[in-house]
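For the sequence shown, position 46 (counting from the first letter as 1) is numbered 46 according to the UniProt record's numbering, and the numbering increases by one without interruption. Cβ coordinates follow ideal geometry from the N, Cα and C atoms, glycine included. Because the structure is a prediction, the values reported are computed rather than measured. The block underneath contains the structure these notes are about, expressed in structure tokens.
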Amino acid sequence: MDTEKVLNYLEELFSEPACELKFNSRFELLVSVILSAQCTDKRVNMVTKELFKKYSTPKDFANLKQEELEKEIKSCGFYHNKAKNIISCSKDILERFNGKVPGNIDDLMTLAGVGKKTANVVYSVGFGGDAIAVDTHVFRVSNRLGVHSKNPLDCEKKLEEIIPKDKWSKVHHQLVLFGRYMCKAIKPNCKECELTGICEYYNERK
1 MDTEKVLNYL EELFSEPACE LKFNSRFELL VSVILSAQCT DKRVNMVTKE
51 LFKKYSTPKD FANLKQEELE KEIKSCGFYH NKAKNIISCS KDILERFNGK
101 VPGNIDDLMT LAGVGKKTAN VVYSVGFGGD AIAVDTHVFR VSNRLGVHSK
151 NPLDCEKKLE EIIPKDKWSK VHHQLVLFGR YMCKAIKPNC KECELTGICE
201 YYNERK
């Protein structure tokens with residue numbers, strides 16, 4: 001991947017990228033990211049708009065019955081596991097972290113439903129840390145541009161090697177937006193993209 005060209009183009013397109021999830025606290029961010037697995041941010045925001053009016057703290061969620069939470073989040077998909085994990089995660093935060101979302105990746109990953117991607121997003125967005133969270137958009141775009149990887153963790157490692165650490169979080173958001181609005185999974189907008197000259201995906205299909 002021509003890192004410099006890609007980063008410069010992403011900067012042109014998205015100079016001030018931001019997480020599109022809506023939240024008012026680090027805990028709400030954590031819940032939103034857990035809900036976003038295999039679901040769009042748009043759908044999550046529709047659900048959490050009402051959800052967070054009723055429940056917004058670890059204590060609120062820890063006191064919920066799984067069936068109650070499932071009804072609230074059903075449209076996000078995989079709602080059985082997500083409800084179970086959010087309640088378990090909330091109890092863990094109360095019992096082990098004094099009711100506060102932990103501020104480092106290792107501790108975050110000890111919480112139910114929190115894998116590396118979720119931990120990276122919360123650490124990056126919630127705490128301003130340096131991290132590249134590899135979701136489906138980042139993984140797809142990276143592979144199309146020549147960063148070949150077997151899985152998200154492998155992709156994360158390879159991106160960390162070629163992108164300056166102080167740009168990890170910003171580039172993560174830029175890649176997400178680029179994948180969401182330009183380099184889509186189906187019918188990517190190659191005609192308007194200025195990276196076709198270095199894009200393996202495009203050139204293999206010419």
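| Asked | Found |
| --- | --- |
| Alpha-carbon spacing of N63 relative to C39, whole angstroms | 25 Å |
| Buried versus exposed, by CB contacts within 10 Å (16 or more), D135 | buried |
| Complete alpha helix (DSSP H) runs within the UniProt domain "HhH-GPD" (35–181) (minimum length 4 residues, chain order) | 41–54, 58–62, 66–73, 79–96, 105–108, 116–121, 136–144, 152–162, 168–181 |
| Contact under 7 Å by Cβ, A133 with N143 | no |
| 6 Å CB neighbourhood of E156 in its chain, flanking five on each side removed | I132, V134 |
| Bounding residues of the alpha helix (DSSP H) (the contiguous stretch that carries E11) | 3–13 |
| Beta-carbon separation (whole angstroms), L177 vs V6, contact threshold 8 Å | At roughly 14 Å, the Cβ-Cβ gap does not stay under 8 Å, so L177 and V6 are not in contact. |
| Delimiting residues of the alpha helix (DSSP H) encompassing E204 | 200–204 |
| Three-state secondary structure (DSSP) of S25 | coil |
| Spatially closest choice to K184 from D166, R140, G99, V101, by CA coordinates | R140 |
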